[in-house]
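Visitor: Residue numbers (the working numbering): 23 to 335.
The beta-carbon is built from N, C-alpha and C at its ideal position, and this holds for glycine as well.
Got a structure for you, written out below as structure tokens; questions coming shortly.
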Amino acid sequence: MKILSSLLFWVCTCSLVLAQNNPNIVVAKQGDGIFSLLRKQGLDPVKHYEEFLLLNEGKIKNGSFLQVGVEYQIPEATDSFKKTGVHILAQNGIEEPIFDKELGSMSLKSEKLKDAVYYLVVDSEIQQDNDFLPEITQNLAAELMVHGAKVYILDNKNPEFSTANDDSVLTQTKKMGNYVEAINKRYIQNSGKYQRVLVIRANELTGKGNMNVAVYHYNKSEEGQRLAANIQNVFKKNSVSNHSYQDINMIFEDKASLYLARNVLPAISLLTMENASPKSVGDKIAVRPDKKLLANLLTNGIMNDFADLEIEE
Numbered sequence: 023m024k025i026l027s028s029l030l031f032w033v034c035t036c037s038l039v040l041a042q043n044n045p046n047i048v049v050a051k052q053g054d055g056i057f058s059l060l061r062k063q064g065l066d067p068v069k070h071y072e073e074f075l076l077l078n079e080g081k082i083k084n085g086s087f088l089q090v091g092v093e094y095q096i097p098e099a100t101d102s103f104k105k106t107g108v109h110i111l112a113q114n115g116i117e118e119p120i121f122d123k124e125l126g127s128m129s130l131k132s133e134k135l136k137d138a139v140y141y142l143v144v145d146s147e148i149q150q151d152n153d154f155l156p157e158i159t160q161n162l163a164a165e166l167m168v169h170g171a172k173v174y175i176l177d178n179k180n181p182e183f184s185t186a187n188d189d190s191v192l193t194q195t196k197k198m199g200n201y202v203e204a205i206n207k208r209y210i211q212n213s214g215k216y217q218r219v220l221v222i223r224a225n226e227l228t229g230k231g232n233m234n235v236a237v238y239h240y241n242k243s244e245e246g247q248r249l250a251a252n253i254q255n256v257f258k259k260n261s262v263s264n265h266s267y268q269d270i271n272m273i274f275e276d277k278a279s280l281y282l283a284r285n286v287l288p289a290i291s292l293l294t295m296e297n298a299s300p301k302s303v304g305d306k307i308a309v310r311p312d313k314k315l316l317a318n319l320l321t322n323g324i325m326n327d328f329a330d331l332e333i334e335e
């Protein structure tokens, strides 16, 4: 009898563990409906409603009501925001969804960027004291995703890369090498799609007062140059300065950017942000440090580039 009880306990425990570890199994909570449950899992409820009903036949009351505490199977979907928005820790290649709790408020606005893949590299040369840069990147990722794009956010958050020797050639090369490996692997997986890399770099950015933005390209990449130009044009129109930017044609010069440009397979552009100062104006574009505005401007520039390509084809 004891053996049978132990066996039953083991089977139940294993089943519980498997359910907890299965990302396609979700337990309904108070207030959950089919639509809200699917949204919270990053799925379009209209598109996947019928499949959800078929997968969970017998568990749904009166044809549409979920039961609190009951496990429900979520459809396996490649268009789930959990799969179209991926954060990669470049140092070890670990992947996880960019968004979790935010998924419930995200919904597809269009498919204008369908079959477009973007790699957003968060490359802060000096450790920031706030989340200004990561938030801009996440806001940008969300905007691209709700228009049908697949987005990878890459960073190298690791104590190994935040020491006083962070600017050493060896460390910088290793960081860039991690990015190259992660991006090229996924470039091959997404072969045949429109793919672009945008490195977003900031130096001691406080997020207070106006900031200067510059967009660079690799001089041997026409695709990267066009993406940079489309982003530049949008920022120019929204500059807080009367400065003329007609002659902007900034190319990669630092070793880290050149290393990336020469080794990654997709076309690459670089956006730099810094606190505004009289000495740093030059050909840089002065804009307000509004996270949502910056994400929207970047999205518009990126979408313009994709639209230009479609027109050409």
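(1) Let's test the definition: count the other Cβ atoms within 10 Å of the Cβ of ASN234 and tell me whether it reaches 16, buried, or not, exposed.
(2) Does the distance from the C-beta atom of LEU65 to that of LEU162 stay below 7 Å?
(3) What's the C-alpha gap between SER3 and LYS306?
(4) Whole angstroms are fine: how far does the CA of LEU176 sit from the CA of LYS69?
(5) For ALA251, which beta-bridge partners are listed by DSSP?
(6) Under a three-way DSSP split, which group does MET11 fall into?
(7) Provide the residue span of the alpha helix (DSSP H) that contains HIS70, from first to last.
(8) I need the boundaries of the beta strand (DSSP E) containing THR294, first residue and last residue.
(9) To the nearest angstrom, how far is the alpha carbon of ASN200 from that of HIS265?
(10) Tell me whether ASP330 sits in a helix, a strand or coil according to DSSP, three-state version.
(11) When you compare only the Cα positions, how much space is there between GLN150 and GLU93?
(12) Is ASN212 near ASP327, with beta carbons less than 7 Å apart?
(13) For MET295, count the other beta carbons within 10 Å of its own beta carbon; 16 or more makes it buried, fewer makes it exposed. Which is it?
Guide: Inspection of the coordinates gives the following:
(1) On the sequence shown, position 212 is the one that residue 234 refers to. Label assigned to ASN234: buried.
(2) Against the sequence shown, residue 65 aligns to sequence position 43. Against the sequence shown, residue 162 aligns to sequence position 140. Their beta carbons are not under 7 Å apart, which means LEU65 does not touch LEU162 by this criterion.
(3) In the structure displayed, the chain extends from 23 to 335; residue 3 sits before or after that span and is not available.
(4) What you label residue 69 is simply residue 47 of the sequence shown in a count that begins at 1. What you label residue 176 is simply residue 154 of the sequence shown in a count that begins at 1. Rounded to the nearest angstrom, the two C-alpha atoms are 30 Å apart.
(5) In the sequence shown, counting from the first residue as 1, residue 251 sits at position 229. The partner list for ALA251 (beta bridge, DSSP) is empty, contrary to what the question assumes.
(6) Outside the shown range of the chain, which is 23 to 335, sits residue 11, and nothing can be said about it.
(7) As a position in the sequence shown, residue 70 is number 48, starting the count at 1. 67–77 is the span of the alpha helix (DSSP H), which, as asked, contains HIS70.
(8) Indexing the sequence shown from 1 puts residue 294 at position 272. Note, THR294: beta strand (DSSP E), 289–297.
(9) Residue 200 sits at position 178 when you count from the first residue of the sequence shown. Residue 265 sits at position 243 when you count from the first residue of the sequence shown. Roughly 38 Å between the two C-alpha positions.
(10) Here the question's residue 330 lines up with position 308 in the sequence shown. Helix, per DSSP.
(11) Counting from 1 along the sequence shown, the entry for residue 150 is found at position 128. Counting from 1 along the sequence shown, the entry for residue 93 is found at position 71. Its pLDDT being 48, under 50, GLN150 is placed unreliably in this model, and the coordinates cannot settle the point.
(12) Translated into the one-based positions of the sequence shown, residue 212 becomes position 190. Translated into the one-based positions of the sequence shown, residue 327 becomes position 305. No, Cβ-Cβ distance for ASN212 and ASP327 is not below 7 Å.
(13) Mapped onto the sequence shown, residue 295 falls at position 273. Buried, by the Cβ-count rule.
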